[in-house]
Amino acid sequence: MAAMTVAKAIDSTIVLNDGTVIPMFGLGVYRIDDNCSGVIAAALKQGYLLIDTAEFYNNEISVGIGIQQSGKKREEIFVISKWWPTNEGANGALKSLDLCLKNLQSHYVDLYMIHAPKDGYCRDAYQALMGAKKEGKI
1 MAAMTVAKAI DSTIVLNDGT VIPMFGLGVY RIDDNCSGVI AAALKQGYLL IDTAEFYNNE
61 ISVGIGIQQS GKKREEIFVI SKWWPTNEGA NGALKSLDLC LKNLQSHYVD LYMIHAPKDG
121 YCRDAYQALM GAKKEGKI
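Numbering follows the UniProt record's numbering, in which position 113 of the sequence shown is assigned residue number 113; successive positions increment by one, without gaps.
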């Protein structure tokens, strides 16, 4: 059985299989509608380094505003978002990623996941998103 890493501080990190360093603590913003940007800014000012949003949450614009309001540099924050699978497959995933980046006012996200993946078209979407990673969008 592998040893479990336990976070010891708000700035604790872990290294993923591809070498990406990710904070172990973060703020998930599902169902944060009222003053989402203010909540984001306050969390970042308090030392949070990871924000987890998604297309499905419908608050990526507020997340981008909150990041700007925090005064933190984008490079200091680990931003995760997720694509909600549609039957548009790869094209839908790439369109959603581009909209996500526009909404967040960023040229990249640190991690972009397939939210609730299903059989079939997710494979093509995954391959397209790996291409976007090579382009620096992820």
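For glycine and all other residues, C-beta sits at the position ideal for the given N, C-alpha and C.
None of the values given here were measured: they were computed from a predicted structure.
Where does the unbroken beta strand (DSSP E) through residue i begin, and where does it stop?
i              : result
leucine 50     : 50 to 52
isoleucine 14  : 13 to 15
methionine 113 : 111 to 114
valine 21      : 21 to 23
Figure out for me which residue from the options has the closest Cα to the Cα of residue i.
i             : options                       : result
histidine 115 : Lys8, Thr5, Gln68, Ser96      : Ser96
lysine 133    : Arg123, Tyr30, Val109, Cys122 : Val109
aspartate 124 : Phe56, Asn17, Ala93, Phe78    : Ala93
glycine 64    : Ser106, Gln127, Asn17, Val15  : Ser106
glutamate 76  : Lys137, Trp83, Ile51          : Ile51
alanine 54    : Val29, Ile22, Gly89, Lys137   : Val29
Residue i lies in the alpha helix (DSSP H); which residues open and close that run?
i         : result
valine 39 : 36 to 45
How many whole angstroms separate the CB atoms of residue i and residue j, which I take to be in contact at a CB cut-off of 8 Å?
i             : j              : result
isoleucine 61 : methionine 113 : Rounded, the Cβ-Cβ distance is 19 Å, inconsistent with contact.
serine 12     : leucine 44     : Actually they are not in contact, since the Cβ atoms of serine 12 and leucine 44 sit about 16 Å apart, beyond 8 Å.
Where does residue i sit, in a helix, a strand or coil, going by DSSP?
i             : result
glycine 28    : strand
glutamine 127 : helix
aspartate 18  : coil
glycine 9     : The sequence given here places alanine at residue 9; glycine does not occur at that position. Residue state, collapsed to three classes: coil.
aspartate 33  : coil
lysine 133    : helix
Check your understanding: Which residue spans inside the stretch 48 to 95 form an unbroken alpha helix (DSSP H) run of at least 4?
Key -> 60 to 70
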